[in-house]
Amino acid sequence: MSADAALLSPSGRVDERLLGAGTGPRFILLIVLFLTSSATVASAISHSLTDPRNMSVGCALAAGADPRGDYLGVGVATVRADKAFRACLDRFVPHASPWLVPSAVTALVLVAVALYWTLPWWRQRHRRLVPVEVIDRHGELPAVLDELVDVAGLTRRPRFVVAPAARTASAVVFGRWRRHVVCLHGGLVVVRHRDPLRFRAVVLHEVAHIRNQDVDITYATVALWRVFLFTVLPGYVVWAALSLHVSLSSAVFGAPSLVATSRDMAATAAMIAFVFLARADILRTRELYADADALRWGADPAGWLGATDRTNRDRGRSGTALRAFVSLWRSHPDWERRRQALADTQELFRSSALTLFLTGATASICAGQLYGFGTGWVIHLAADTVAGLIAATVGVTLWRAAARAVLTGGRAPSGLRAGWWLGVGLALGEVLTGSVSGWRVLPRHPEVFALLVVISVLVTCWTAQFADLVLRCWRGRSLRPVFAVGLLATLVVFAMSYDWWQSSGKLFAAGWPYSESAIRTALQQDLPGPALGGSTLTAIAVVMSVVLPWEADTSLLWAATALWALPLLAWAVGATGSTPTWVIRALQPGEGTVWQAGRLPSFRRLALASVLGAGGACLGVVVVLARLHAVRPPTGQLLGQQVLLLVTWLVVVVIAVVVATAAVTGSATPRFPVPAAAGAAGVTGLAGVTAVFLLISADGCVSGLATLRTTCAWTPGGAWPLTEVVLPLVLGLAVFVSAFTAVVAMAARRLLGAARPGTGDRARRSPLPPPRDPARFSGPARKAAVAVICLAALTLSTAASLPLGTGGQSGVRTSLTREDLAPARTTTPSAEVLALESDAWLRLGGRKLLAAITGELLGVVTALGDDGDRALTDRGYAARVIRPHCLGLQTAAQQLGAYFPLPDPALQQRWPALLAQARTIGADCRRAIDDGKRDLYVKSMEEILGVAERLGTVLPQVTAEAGDRRSR
């Protein structure tokens, strides 16, 4: 064997099929992106056809939406007037058939299926291909091909044809399901006798594509995206151009529409580029796997040695950069990379920055499109779908890289690089979709997109290090079970985080979406008792604005439990001392194949940190109870806000101890810092929550710690509601923050190592020391302790997830609604926007309602003016003439109260009180007439005159503001 061929020898290789190739989820992501993109375009066009007058925009304007603002302003305006906005849509906006968009997407899929079915026929017809049997009438070539098909293990023989005009020594495979065609180029048939090794390698490579189902997946993707490019995209461009033409005629909508349309076009172009780049990257990976399969089936490595790239000439730095850029768009890797992948399977286990970036970008665009189809469960479905595809893609990549590092003693992935590129892709996708930017190029706070990088880095670091940890402890025959558990944990953690981002987190990029004053007012009303200081209550309201979505999501507990309990279980089992069966099956036989799990970081050190943290958490709970006992209100007073203060301090103190414990543990654990920090944080938080439950249950039994009661009693039912509030924040959110502190410590360690070469990654580069005696360090006591801890965590998570709940008995839950959480409008819109909003407010029902209430007031005033004495003294006359107007006044005021707020913020400040007074006057007038209460009747008549005077100015003012629009 030559020296070059020896480099490609498969001896000592790691099985490249270990845990799969990971390209399947990426193909699925491209298909889902096609479906969501097609549905988005179909929905936009359908909406334009069913609502040609843009009445939905009119309803948004009437609600106070500013077309020159961003989507947060529009969203907050529609939330403030939620019921009125929905009523407006139901009344004025035609409803398209719910089957219209699904039918359009189904039709596109059927067209794609037809194209997939006919593409091979079209390709074969226009290339003048000749069956192999015609080229070789003696049957020698078909016999060789049949033998290679048998070697590959195909159950169905493909059809072999020859392209006589193709002079290259190559081949290509195409076709559809169960009907594949291998096309041999004429040049390959010519060199069959001169270079049989190359002929055999090329044919086995193409047959491997059939065996791996690359042809079916590739042609399905090609068919789908050709349908999108030639049918959906042209329709979208025409629709966008027409919509922009209409919008540019408006002084208000013109500039924002130009920005939004330009961004949408750029996003569409970027999406198409991402699709082509992702498809080319996937196909390059599949080419490498086909090479590996051909080599495993007996192809001689020399078959790859003679091939060279036609563009391999040196052209300097600019030429190298150009070749690198062009290679990104090619579906075949260069020959040098193919030979490297055959010589060392590391190329097949490497996580490419391009792969991770494209996964994040395409997934983010897909989620943004799904997000546009509704709210509630649709958002959750979008986030979970995208998170599942990301977890499957990135999780497989990281687990494969960790497995290879464990098997070969190589450098284990930390997850930092993978998380960075994934997060950058997600952030760029959010910018392109403009889901929170609205009619701006960027949202007001684009720095919030860094949270996507934080989430991605946290998930990938934990996944990579947990995989590295658990692979050294796994003793099973196959990696599938433990890999499924790890991948499920990654999915749960990322799905929960990305779900929060889609439903709440991204709103902060556009501004502050919550009203602190509304939360503060609700707390004061729902929690009676001695009032807290204004600054204290405001601080609590601000914090609640952030944590309310987390506190209400029980999936946070399960995700955090997976984050810290699974590493603890692996540590409890300990590293395996012998070579497990899965290692023997993954390492192909060869000289020098030696495997050793190595010794894990000290479990005693982790246990000591956890115990110290648990003690600190319990001590913190005691200190909080003692401190609040000293400021406890006198006996007999309501303790509503005392409960709020107690919960706040318990959460703050226990979280501080949890995060501090995790930071110290992660900094002191060079290997697996993120799982170690999460494990210590989980144990510490569990101890803190347990201390809260036990001490509140026994509140009053220790005089110095009594905060809510003065008598001793064991009341776990009263303590659980408070614990239920503390639980998701301490054992949920705090665990995520704690794990991220370890990521920060790890990144800082690497930066310091970069400044001092040779020291930064020593922990990951140096081999783990051999394991110690398992009988000594894997005792049943350790396993039992960890089992009890994990069982307690599962019990708490299950109890918090049960639908029994607290029923609002904890005293810390408020009566806030979505409308209350929306901040009030404080800025006056421009004159142009105010004119549009006022005109829409009047046209969509405001004028009619104002006329109705004005008419009722005028009826009373007219009756008083025509015959005032009789109206005030004759009860029969009042019942016959005045009472109907009083009832109408009450009804009209109620209807105006349910209608949109006034567009002018100055008028709106007085508007609720004025309507409330009108309702009260109408009710008092009617009741006074019915019950014969003359004093109340006279008082209501006097107040009606004042209300009539104030209400009489509203309609002319709103009409005048709307008149600016008509004068333009």
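If you're matching positions, the sequence shown starts at 280 in this note's numbering and goes up one per residue.
Yeah, the Cβ is synthetic: ideal placement off N, Cα and C, and Gly gets one too.
Note that the structure is predicted; figures quoted are calculated from it, not measured.
For residue 433 and residue 576, believed in contact at Cβ under 8 Å, the rounded distance: No, residue 576 and residue 433 are not in contact; Cβ-Cβ is about 11 Å, not under 8 Å.
So for residue 906, helix, strand or coil by DSSP? helix
Report the residue from 1172, 1152, 1138 and 1179 whose alpha carbon sits nearest the alpha carbon of residue 1163. 1138
CA-to-CA distance, residue 969 to residue 489, given in whole angstroms: 58 Å
By DSSP, does residue 1236 sit in helix, in strand, or in coil? helix
Who are residue 458's beta bridge partners in DSSP? 455
Proximity of residue 717 and residue 353 at Cβ, strictly below 8 Å: yes
The beta strand (DSSP E) spanning residue 442 covers which residue range? 438-442
Candidates 987, 948 and 840, of which the one nearest residue 961 by Cα: 840
Does the beta carbon of residue 1032 sit closer than 8 Å to a beta carbon anywhere in chain B? This model lacks chain B altogether, as it is built from one protein chain only.
Taking contact to mean at least 3 C-beta pairs separated by less than 8 Å, is the region 434-441 in contact with the region 402-415? yes
I believe residue 1168 touches residue 1193 by the beta-carbon criterion, under 8 Å. Please report the beta-carbon distance rounded to the nearest angstrom. About 12 Å; that fails the 8 Å criterion.
Checking 8 Å against the spacing of the C-beta atoms, do residue 1113 and residue 1182 come in under that value? yes
Among 546, 911, 681 and 329, nearest to residue 987 - alpha-carbon criterion: 911
By a C-beta neighbour count over all protein chains shown, 10 Å radius and 16 as the cutoff for buried, is residue 1219 buried or exposed? buried
Check whether residue 342 and residue 1177 have beta carbons under 8 Å apart: no
Residue 1148, enclosing alpha helix (DSSP H) - first and last residue: 1147-1152
Could you name the residues of the same chain whose beta carbon sits closer than 6 Å to that of residue 787, not counting the 5 residues immediately before and after it, in chain order? 727
Ends of the alpha helix (DSSP H) at residue 501? 493-506
Beta carbon of residue 480, beta carbon of residue 579: below 8 Å? yes
Give the DSSP-derived three-state secondary structure of residue 1070 in the structure shown. helix
Across which residues does DSSP place residue 464 in a beta bridge pair? 442
What did DSSP end up calling residue 344 once you bin it into helix, strand or coil? coil
I need the straight-line Cα distance from residue 1086 to residue 995, nearest angstrom please. Confidence at residue 1086 is low in this model, with a pLDDT of 38, below 50, so its placement is unreliable and the value that follows should be read with caution. One C-alpha to the other measures close to 16 Å.
With H, G and I counted as helix, E and B as strand and the rest as coil, what does DSSP make of residue 862? helix
Beta carbon of residue 503: closer than 7 Å to some heavy atom of the ligand GTP? For the ligand GTP, the structure offers nothing, since it holds no ligand at all.
Continuous alpha helix (DSSP H) assignments of at least 4 residues falling wholly in the region 951-1028: 952-976 and 995-1007
Environment of residue 478 [buried if 16+ CB atoms lie within 10 Å]: buried
Since I believe residue 1186 is in contact with residue 1233 (beta carbons under 8 Å), could you give me their beta-carbon distance rounded to a whole number of angstroms? 7 Å
Among residues of its own chain, excluding the 5 on either side of residue 1075, which ones have a beta-carbon nearer than 8 Å to its beta-carbon? 836, 965, 968, 1006 and 1010
If distances are taken between C-alpha atoms only, which option among 398, 1196 and 1135 comes closest to residue 503? 398
Roughly how many angstroms lie between the CA atoms of residue 1090 and residue 1110, to the nearest whole one? Here residue 1090 scores only 40 on pLDDT, less than 50, and its place in the model should not be relied on; the value that follows carries that caveat. Each residue's alpha carbon lies about 46 Å from the other.
Every unbroken beta strand (DSSP E) within the region 1181-1221, with a cutoff of 3 residues, ordered by chain: none
Quick one: Cα of residue 927 to Cα of residue 886, how far? 29 Å
Taking just the CA atoms, how far does residue 493 sit from residue 565? 7 Å
Cβ contact (3+ pairs, closer than 8 Å) linking the region 552-563 and the region 626-639: yes
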